[in-house]
Amino acid sequence: MTKKNSNIYRITDPLMEPYFIQYDQHCYTVMKKVTAGNTGRVREQLIGYYSQLESCLDSIAEDAIKTQ
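Quick note on numbering: the working numbering labels position 49 of the sequence shown as 147, and the sequence is numbered without any gaps.
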């Protein structure tokens, strides 16, 4: 049995904050950094899984508009 390559890469940009994109050989994943109210603890919230980078950017734009 051969072992699959499971490297996960992250795309970050100050202009996209608090969003970032992770990707591996299977898909792109859009994540959002969310700060908890009382504790100030930062967690990562899943926005969605996508097969194309363009779809990731569309989902970031949609979520940003919804949360304003």
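Here a beta-carbon is modelled for each residue, glycine too, at the ideal position from N, C-alpha and C.
Span separating the alpha-carbon of residue i from that of residue j
i: F118; j: T137; result: 22 Å
i: Q120; j: N105; result: 10 Å
i: C154; j: Y148; result: 6 Å
i: Q150; j: R108; result: 15 Å
i: K131; j: V140; result: 6 Å
Local Cβ density within 10 Å of residue i, reported as buried at 16 or more and exposed below that
i: C125; result: exposed
i: I158; result: buried
i: T165; result: exposed
i: N128; result: Note that residue 128 is Val in the sequence shown here, rather than Asn. Result: buried.
Element boundaries [alpha helix (DSSP H), containing residue i]
i: E152; result: 151-164
Pair within 8 Å by beta-carbon distance, residue i and residue j
i: D168; j: I145; result: This structure cannot speak to residue 168, because the chain is shown only from 99 to 166.
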